[in-house]
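Remarks on the structure that follows.
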Amino acid sequence: MTKRLCIHGLAGLLASVTVPASAADTITVASWGGTYQEAQTKAFFDPTAKDLGITIKQDTTNGLDDVRLQVTGNAVKWDITELGADECARGSKEGLFEKLDYNVIDKSGINPKLVHDDWVGISYTSVVLIYRTDVFGDKGPKSWADFWDVEKFPGRRALSGSQATETLSVAALAKGTPIDKVYPVDIDGALQSVDKVKGHIDAWWTSGAQAMQLVKDGEVDMASIWNGRAGTLKKEGAPVSFSFDQGVLTADCMVIPKGSKNKDIAMKALAKFVSPDLQANLPLYVDNGPANEKAFETGKIPQERIKDINSSPENVKKQVLQDPEFWRDNLVEATEKFNNLIQQ
Amino acid sequence: MSVGSASLDHAGRPDGVLNADALRADARRQALGLLALLSPGLFLVFSIIIVPIGWLFWLSLFDETGQLSLANYARFFEQASYIKTFATTFKVAFVVTGACVLFGYPLAYMLSQLPRRAASICLIFVILPFWTSVLVRTYAWLVILQRKGLINNWLIDLGVIGQPLPLANNFAGVVIGMTHIMLPFLVLPLYASMKTIDVDCLRAGMNLGASPAATFRQIFFPLSLPGLASGVVIVFVLCLGFFVTPALMGGGKVIMWAMRMEQATSLYSNWGAGAALGVVLLAVTLALLGLFQWLLGARATGVWSRR
Amino acid sequence: MLLSLAPSALPIGIHGIDKRFGAVSILSDLSLDVAAGEFLTLLGPSGSGKTTLLMILAGFVRANAGSIKVGGEEIITMPPHKRNIGMVFQNYALFPHMNVFNNIAFPLKQRRVSAAETAERVERALDLVQLKGLGERRVDQLSGGQRQRVALARAIVFEPRIVLMDEPLSALDKGLREHMQIELRNLHRRLGMTTVYVTHDQREAITMSDRIAVMNAGRIEQIDQPEALYARPRTKFVTGFIGESNFIPVECRNGSVWYEDRKLHMNDSAPPAGRYLMVVRPEKLRLVPDAQQAGVLNMLPATVGDVIYQGDSFICYATLRDGRQVTLRDYCRSDVLAKLPAPGEPITLGIDAQDVVLVADQ
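Protein chains in written order, with the numbering used here: chain A, 1 to 344; chain B, 345 to 651; chain C, 652 to 1013.
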């Protein structure tokens, strides 16, 4: 491990020596903005820029549409951009990305489901079950089956209305599907499961902020929520509890948009971003877990922090990993059916 | 007739013909002059209304692979949720417009009866919400209306209710939030039209034997209708395209057309999917406006006033 | 019975009306009796209180004190819609959302008159104001004069006990206004309804009224028949408001009236001692060709300033010995024309004893 780090470091050093810094050594990276991108800046971008002796400019993205517009419009501004894994799968099918060179990028430690010809996983978000301890004490719903059990756990509920993929995964878990059998999702079965709880859902949230607000203000007593938002609530002292049991892991990925003018440098930068060393930085600043599980072996992450990170080996076992390629093929149909179901 | 041949005419006509030509030239010059004055406006209308709408329509005819297709429109019939969204959109627009009339008419009436100074101060309070962003106002309503919000807390503290009322994250919440935002759009034109009602007409009504209530019913109300109609049209059309308030106050259960456009655009990764929704909404809205115009037009030409 | 109001015309008794808006007094202790079937005009400048009085009669403005009796019945506290008083508004106040028929039928509809009778009465009212066949017209399709007639028809169709008119002709052009004056007058003669008419146009008041109440600053200065008001005004205000007039300062002492050193002959007995103004209408002044033959005429020497020929008449501006300018008007009869004075020529102005009217010099 240390050896590889050394080699990487050396390579970086060599790069900075052999290729003198110039205007060409500037790349632009786009991500989601906000605290997440700030964390990425400290964890990935700044160290990489320093190591490689390049300048990393930043931008924010709204997702695949932005990439498609740039690529099809022959106006590629970005050299690396972050996307949701299912967007990566879709964009890949559309041929919007450059092939990745796994001679430059070390893929070991990254879940093979997130390693593809032209995209690679970068971090994880989890969908978790949160409940208010002022309502349930510590005897709140622990599983999605509990969440679905309106008699044993009376109270107001919220689920994601905008992320059909997550809610359908959760619905599959609720009807007792084991973690490793959730994918491929039985969409009709999951929809039936949603139908059962639908009448008891008081809000279908459409943004992370909204989910947080619903729980924080006591508008609902339990909800599905992204782990980052759940962690923030807890830090703010809200009376809430959540765990990674039956969480749904959703990956983010990074790609090099087709036509990037600094493809080679971007490749080297991307290699840095997914390296265990820099990946281990991420959970120091934000609740999104590293995509490279070797990050947990670097010793950079304090032991007591590891159990709170959604992608730690321990926590990963408790969760379902969303399959980006499954959703690439089924997203539209499932979402339309889902929308149809949840509307009043 | 040309000037040349006219000059050969000896019956006093050449002058007349010359004048006719000069008059035609004048008219043409005037028309051109007016057109020149209009051209910046026409250009603006063309470039910011006609072109984008045309483009929207054009985009709506392509599927996500870029093939010419009616897939974006066929979807409305294949997926029941679109019909539902459409129905919800119109239901919300109707109810909000109704609520605005219910609250706005008495308000506008009161304003119109106040002395000018007092009225202008009150009008400031009507317009004040315009200066705050819709987002802020909607969140404020959320704070007021939700389960542990101000209203429910007060009512429970006062012992009026035992269980919190479901005021937010549902249809009621959307209607309350949108009514608040739309109210000025109804009140302002209504107030303006009420202000133009001649006090002497109301006096005449009473003088001729109509009680104050009958005077209101038979004279004031009919005369305020044009203002009411324009307010209703503005509110209704704005409601049809509303996004922020239903998205935040509806708890994800009240999906309106604009929210659906956003969903469709990202779900299908295709502007056309959203554009088709826009085209349909535009067409239905125009049809409704046409219907409205026709009804009002019928009234203006006196069909209504026959006894 | 229909639109023959004479039998039901009622007298109006107005007593002690006070109206203040805040500290401003609009009407103070105003009393006025209108005889049944009389056409009475309230004449005065704007701000004189005439419109306020009309509004109090109609019930739109509540008086602070006073009594209004119509045919002996007290109506001062009655709401406007129960007063059964017809009113023609200055701007007509026709209902723009109704056609002519419905405008005129409006008061009948309020009184639950049957449809058949309504149609008949509206037709007759339209006939009366010479608008037969225009019932289906929209209000905005009518000319000013036609609107005026519709307003009039609407105000009388329900056979009100009294009719009020608030400057009803002021929006019409001159020719039409004069024509409508005659028409209104004739209509009043035919129907005989008690009418209170407000105007600031003295000529209109004189043309139309049985009696005129001249109002000034919330009071009635003088109430009289037009002829008396013109010939024998009692105050300087009334004189100045009605017709043109020369004011010549005079003094009363020892039971006689003196202009400078000349004793004036007058039919009326002399007022108490003091200073007065002699009111002389321009047409009452005469050019006296031969002072010796004048008899009882009061004669004032003067110098001609200017003579203006106006076709049917002429105006002569002359300067009295005290420097005061007076105006004389006479018709261009050939005997007069033959002796027209030239500017600068000394003349003698004559006033008949019966034409000497004195008002207080305020």
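Glycine residues also receive a C-beta, built at the ideal position from the N, C-alpha and C atoms. It should be emphasised that the depicted structure is a prediction, and the values quoted were computed from it without experimental measurement.
Taking a cut-off of 8 Å on C-beta distances, the stretch 739-750 of chain C touches the stretch 563-581 of chain B, as three or more cross pairs fall below it. Boundaries of the alpha helix (DSSP H) harbouring C:R775: A766 to L779, taken from the DSSP string. In the three-state scheme derived from DSSP, where H, G and I count as helix and E and B as strand, B:D407 is classed as coil. Per DSSP, the unbroken beta strand (DSSP E) holding C:G667 starts and ends at I663 to F672.
Flagged as an interface residue toward chain C: B:G553, by a C-beta distance shorter than 8 Å. Inside the stretch 271-308 of chain A, DSSP marks whole alpha helix (DSSP H) runs of 4 or more residues at positions 276-279, 282-285 and 303-306, from first to last along the chain.
The Cβ neighbour count for B:A431, taken over all protein chains shown within 10 Å, is under 16; the residue is labelled exposed.
Below 8 Å, enough C-beta pairs join the stretch 589-599 of chain B and the stretch 511-519 of chain B to call them touching: three or more.
Bounds of the alpha helix (DSSP H) holding C:N837 are K825 to L842. Excluding sequence positions up to five before and after B:S613, its CB lies within less than 7 Å of the CB of E408, all in the same chain and listed in chain order. Cβ contact annotation for C:A660 (same chain, cutoff 7 Å, sequence separation greater than five): A687, G688, G843, M844 and T845, in chain order. Where B:Y535 is concerned, the enclosing alpha helix (DSSP H) starts and stops at F515 to K539. For A:L64, the closest Cβ of chain B is nearer than 8 Å. Shown here, A:V220 sits in coil according to DSSP, grouped into three states, outside any helix or strand. Within chain B, the residues whose beta carbon sits less than 9 Å from that of C:M738 are R547, A548, N551 and L552, listed in sequence order. Identification of residues in the stretch 712-746 of chain C having a C-beta nearer than 7 Å to some C-beta of chain B yields P731, H732, I736, M738, F740, N742, A744 and F746, given in sequence order.
Counting along the chain, C:R980 sits inside the beta strand (DSSP E) bounded by residues Q976 to Y982.
The residues V955 and I998, in chain order, have a CB closer than 6 Å to that of C:P992 in the same chain once the five nearest residues on each side in sequence are set aside. The alpha-carbon of B:G575 is positioned some 23 Å away from that of B:P459. Rounded to the nearest whole angstrom, the CA to CA distance from B:Q637 to B:V579 is 15 Å. Fully enclosed beta strand (DSSP E) runs of no fewer than 3 residues are not present anywhere in the stretch 88-115 of chain A. The residue among C:L827, C:R840, C:E810 and C:S860 with its C-alpha nearest the C-alpha of C:R798 is C:L827.
Here A:P313 has E293 and F296 as same chain residues with Cβ atoms under 8 Å from its own Cβ, once five neighbours each way along the sequence are excluded. By the rule that beta-carbons nearer than 8 Å mark a contact, C:P900 does not touch chain B.
Close partners of B:I563 in chain C (Cβ separation under 7 Å): F746. A:V120 and A:P324 have their C-alpha atoms spaced approximately 12 Å apart. The beta carbon of C:F809 falls within 8 Å of a beta carbon belonging to chain B, placing the residue at that interface. Here C:R775 is actually not in contact with C:L759; their C-beta atoms are around 12 Å apart, not less than 8 Å. The stretch 51-66 of chain A makes no contact with the stretch 224-239 of chain A: fewer than 3 CB pairs, one atom from each, lie closer than 8 Å.
In the structure shown, the three-state DSSP call for C:F711 is coil. At a beta-carbon threshold of 8 Å, the residues of chain B lying near C:R762 are G553, ordered along the chain. Residues of chain B with a Cβ closer than 7 Å to the Cβ of C:A709 are, in chain order, N551. The beta carbon of B:L567 sits closer than 8 Å to some beta carbon of chain C.
Look at B:A462: its C-beta is not under 8 Å from any C-beta on chain C. No residue range can be given for C:R734, since it is assigned to no beta strand (DSSP E) and is classified by DSSP as neither H nor E.
Across the stretch 195-221 of chain A, CB contacts with chain B closer than 9 Å involve I201, D202, A203, W204, W205, T206, S207, Q210, Q213, L214, D217, G218, E219 and V220, in sequence order along the chain.
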